[in-house]
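Student:
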Amino acid sequence: MTETGLVHRLTQRRGVRQFVKFGIVGASGLVVNFIIFTLLQHSTPLDEQRHRFTLNYSVGFLSGGVSNYFLNRIWTFRSTGHAVVQGLQFLTVSAIALGVGLAVSAVVKPYLGPGHRTWLVATLAGIVVNFFVNKYWTFRPARA
Numbered sequence: 031m032t033e034t035g036l037v038h039r040l041t042q043r044r045g046v047r048q049f050v051k052f053g054i055v056g057a058s059g060l061v062v063n064f065i066i067f068t069l070l071q072h073s074t075p076l077d078e079q080r081h082r083f084t085l086n087y088s089v090g091f092l093s094g095g096v097s098n099y100f101l102n103r104i105w106t107f108r109s110t111g112h113a114v115v116q117g118l119q120f121l122t123v124s125a126i127a128l129g130v131g132l133a134v135s136a137v138v139k140p141y142l143g144p145g146h147r148t149w150l151v152a153t154l155a156g157i158v159v160n161f162f163v164n165k166y167w168t169f170r171p172a173r174a
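Just so it is clear: in the sequence shown, position 139 is 169 by this note's numbering, and no numbers are missing.
#1: Mapping DSSP to helix, strand and coil, what is Ser109?
#2: Look up Ala136 in the DSSP assignment and say whether it is helix, strand or coil.
#3: Could you pull out every unbroken alpha helix (DSSP H) segment of at least 4 residues lying fully inside the region 37-91, listed in chain order?
#4: If distances are taken between C-alpha atoms only, which option among Pro144, Tyr99, Gln79, Arg80 comes closest to Asn164?
#5: What would DSSP say about Gly2, mapped onto helix, strand or coil?
#6: With a CB to CB cut of under 8 Å and the five nearest residues on each side skipped, what residues in its chain are close to Ser88?
#7: Terminal residues of the continuous alpha helix (DSSP H) containing Phe162?
#8: For Ser73 and Ser124, what's the separation of their Cα atoms in angstroms?
#9: Using a Cβ-Cβ cutoff of less than 6 Å, which residues in the same chain neighbour Val62 once the five nearest sequence positions on both sides are dropped?
#10: Would the region 67-87 and the region 139-148 be scored as touching if the rule is three or more Cβ pairs under 8 Å?
#11: I'd like the list of long-range same chain contacts for Arg170, defined as Cβ closer than 6 Å, with 5 residues on each side in sequence excluded.
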């Protein structure tokens, strides 16, 4: 099979298309997250950044999550489920992913510092958790 044929077969799979869309939506949320985190870090005095990292990270992460919820609901998973229920489920998954990100940041921050490198590693840690739990729990297709 040629490389082009393999790419074509993969793009025809619903799960692969959803993961790509999830990645695109996630990238937009990552931009929101990064901007909010950066604004908060820059407004925090340098001597307090180490102590305020967790708060700044959390606010940025959740801000990106709000935009991700709406885009994933209407575009990635084309969900017709109950918006409030799915919103609460998405928030729960985001909280779990936030916990994963904070745990990872606690491990890497002593080595990478309280800045953008730690932010990136912590944020990437939650992506896989976010996708699979949201795909199979939050936005799972309704059973007929």
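Backbone N, C-alpha and C fix where the C-beta goes; we use that ideal spot for every residue, glycine too. Keep in mind the model is a prediction, meaning the values are calculated, not measured.
Tutor: Here's the rundown:
#1: Shown here, Ser109 sits in coil according to DSSP, grouped into three states, outside any helix or strand.
#2: It is helical.
#3: Entirely contained in the region 37-91, the alpha helix (DSSP H) runs reaching 4 residues are, in chain order, 44-73.
#4: Out of Pro144, Tyr99, Gln79, Arg80, the CA that lies nearest to the CA of Asn164 is found in Tyr99.
#5: Absent from the model: residue 2. The displayed extent of the chain is 31 to 174, so no value can be given.
#6: The residues are Leu128, Leu132.
#7: For Phe162, the uninterrupted alpha helix (DSSP H) segment begins and ends at 146-163.
#8: Taking the CA atoms as reference points, Ser73 sits about 25 Å from Ser124.
#9: Answer for Val62: Ser93, Gly94, Ser97, listed in chain order.
#10: Enough Cβ pairs lie closer than 8 Å, so yes.
#11: For Arg170, where only same-chain residues beyond five positions count, there are no Cβ hits under 6 Å.
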